[in-house]
Amino acid sequence: MERTLVLLKPDAVQRGLIGTIINRLELRGLRLVGAKFVAVDQTLAERHYAIHKGKPFYEGLIQYITSSPVMAMVWEGPQAIAAVRQTMGATRPIEASPGSVRHDFGLEVGRNLTHASDGPETADEEIALWFQPDEIVSWSRDTDRWIFEG
Ligand code: IDP
Ligand code: MG
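Take the sequence shown: its letters are residues 356 to 505, numbered as in this note's numbering.
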């Protein structure tokens with residue numbers, strides 16, 4: 356079972372889309388194993404987006420993610436990393452598939468509502484950055500056998 360970090364960025368929070376986006380992940384069948392509402396400070400923002408340091412949009416990105424609270428979550432499921440990125444859609448809302456969160460609720464890359472880990476290594480690093488081990492709750496749902504094949 357794979358785990359992935361999801362952030363509902365300040366625009367999603369300010370626009371009242373927390374419930375709507377969580378609902379899409381729940382309906383997909385993914386299982387929530389961690390969640391917290393976080394005022395992101397400069398240090399956390401810089402560590403989370405370290406890979407983008409030096410890019411033209413970096414300063415704006417740090418400003419964006421620290422501008423208002425975010426909802427940070429860990430979701431779990433088979434191929435959860437790919438599944439969540441698919442549900443969120445392409446980075447640029449204008450290129451995201453209809454039905455995806457970024458398509459359905461966004462227009463601009465700098466206001467694209469969500470973050471989702473892009474691979475197993477980054478998922479592990481990002482989950483460790485945002486959550487203490489005891490903040491992750493391993494549990495089973497009664498519906499798991501109707502959603503997970505194995
Ligand atoms: P991802 O969030 O789909 O993984 P990345 O390429 O990792 O996309 O970029 C991280 C975030 O940086 C994006 O989600 C978006 O908020 C922001 N970003 C990426 N490219 C641009 C850009 O060209 N202009 C403004 N912001 C950008
Ligand atoms: Mg990324």
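Don't be surprised by glycine CBs; every beta carbon is placed ideally from N, CA and C. No experiment lies behind these values; they were computed from the predicted model shown.
Hey, residue i and residue j are a contact pair by Cβ (cut 8 Å); roughly how many whole angstroms apart?
i    : j    : result
I436 : A478 : 6 Å
V361 : A471 : 5 Å
P433 : F486 : Not quite, the Cβ-Cβ distance comes to about 21 Å (not below 8 Å), so this is no contact.
T446 : R379 : Between R379 and T446 the Cβ distance is about 18 Å, and since that is not below 8 Å, they are no contact.
V439 : T359 : 5 Å
Got a sec, what are the start and stop residues for the beta strand (DSSP E) residue i sits in?
i    : result
E431 : 425-432
H393 : Correcting the residue identity first, residue 393 is Val in this sequence and not His. Element bounds for V393: 386-393.
A471 : 469-471
What first and last residue would you give for the alpha helix (DSSP H) that runs through residue i?
i    : result
E480 : 475-485
R358 : It is not in any alpha helix (DSSP H) - R358 instead sits in the beta strand (DSSP E) that spans 357-363.
W494 : Careful: W494 lies outside any alpha helix (DSSP H) and carries neither H nor E.
T498 : Note, T498: premise wrong, no alpha helix (DSSP H); not H, not E.
R379 : 373-383
E450 : Careful: E450 lies outside any alpha helix (DSSP H) and carries neither H nor E.
T446 : Counting along the chain, T446 falls outside any alpha helix (DSSP H), and DSSP gives it neither H nor E.
Quick check: residue i and residue j, are their CB atoms within less than 8 Å of each other?
i    : j    : result
G465 : G415 : yes
I491 : G389 : yes
F392 : P424 : yes
W430 : R386 : yes
At a cut of 8 Å, does the segment 393-404 reach the segment 367-382 through at least three beta carbon pairs?
Three or more beta-carbon pairs separated by less than 8 Å are not found between the segment 393-404 and the segment 367-382, which leaves the two stretches without contact.
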